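**Q** After the structure tokens below, expect a handful of questions from me.
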Amino acid sequence: MVNEKEKGMYKISKEEIIRELKDSEYRNDYQIYKTKLGQDEDGWKYGKHHEFEMSLVDGGLNYFAYIKFYLDNGQKYALVAGKTGSYNVNGSGSDVRFRIYPYEGAAKEWLRDNNKEWCQTEILVIKPKKEDKKGSEEEAREIERYLVNTFGLLES
Numbered sequence: 001m002v003n004e005k006e007k008g009m010y011k012i013s014k015e016e017i018i019r020e021l022k023d024s025e026y027r028n029d030y031q032i033y034k035t036k037l038g039q040d041e042d043g044w045k046y047g048k049h050h051e052f053e054m055s056l057v058d059g060g061l062n063y064f065a066y067i068k069f070y071l072d073n074g075q076k077y078a079l080v081a082g083k084t085g086s087y088n089v090n091g092s093g094s095d096v097r098f099r100i101y102p103y104e105g106a107a108k109e110w111l112r113d114n115n116k117e118w119c120q121t122e123i124l125v126i127k128p129k130k131e132d133k134k135g136s137e138e139e140a141r142e143i144e145r146y147l148v149n150t151f152g153l154l155e156s
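Using the working numbering, you'd call the opening residue of the sequence shown number 1 and step up by one each time.
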């Protein structure tokens with residue numbers, strides 16, 4: 001069970017998220033995806049973003065929900081839940097980005113205010129059970145709401 005105090009402080013670790021998901025209806029639907037982006041890089045090197053996007057396609061993803069983590073003393077903590085789509089449904093691929101302040105958004109502001117940084121090397125993805133594009137979009141939106149509500153995460 002998720003500690004309510006930790007939810008409000010964005011201190012739910014990657015391991016706690018996975019432990020909770022193992023006991024949820026999503027136990028068979030989540031996976032860690034490597035982003036092909038180095039932790040200290042300002043952006044994807046040539047071709048690496050495409051490799052990341054193709055790994056999503058190869059994973060059979062249409063629309064999906066995800067969690068992005070931040071780093072604190074070597075530990076990964078969940079901060080943001082989102083919904084996006086792969087190349088299968090979006091011509092430009094997913095909108096998973098690791099921008100930092102001054103770009104708009106509560107997560108970017110929180111990272112700046114707390115002197116933290118994104119964990120750019122991986123995201124946790126939850127695949128909808130529905131395979132069709134329209135159904136997977138609605139289900140991905142529902143999964144995003146579940147993640148936000150269960151773990152107290154910010155929306156992307």
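All C-beta atoms, glycine included, are put in the ideal place defined by N, C-alpha and C.
Since the structure is predicted, the reported quantities are computational estimates derived from the model, not experimental observations.
1) Please state the DSSP three-state secondary structure of residue 70.
2) Curious, which full-length beta strand (DSSP E) runs of at least 3 residues does the stretch 38 to 125 contain?
3) Taking the C-alpha atoms as reference points, what is the distance between residue 10 and residue 147?
4) Do residue 82 and residue 66 have their CB atoms nearer than 7 Å?
5) With the cut-off set at 7 Å, would you say residue 106 and residue 154 are in Cβ contact?
6) Going by the beta-carbon positions, is the gap between residue 126 and residue 29 smaller than 7 Å?
7) Kindly list the residues whose CB is nearer than 8 Å to the CB of residue 121, restricted to its own chain and excluding five residues on each side of it in sequence; keep chain order.
8) What residues in its chain sit with their C-beta under 6 Å from that of residue 17, if we drop five residues either side in the sequence?
9) Indicate whether the contact test is met: 3 or more Cβ pairs, each with one atom in the stretch 130 to 148 and one in the stretch 68 to 77, closer than 8 Å.
10) Going by DSSP, which residues form a beta bridge with residue 34?
11) When the Cα of residue 102 is compared with those of 96, 111, 95 and 21, which residue comes out closest?
12) Let me make sure I understand the geometry here. Which of 74, 88 and 94 has the alpha-carbon closest to that of residue 119?
13) Among residues of its own chain, excluding the 5 on either side of residue 31, which ones have a beta-carbon nearer than 6 Å to its beta-carbon?
14) My guess is that residue 93 and residue 53 are in contact by the Cβ rule of under 8 Å, so how many angstroms apart are they, rounded?
**A** According to the structure data:
1) strand
2) 63 to 72 and 75 to 85
3) 13 Å
4) yes
5) yes
6) yes
7) 34, 35, 37, 38 and 39
8) 78
9) no
10) 122
11) 111
12) 74
13) 125
14) 4 Å
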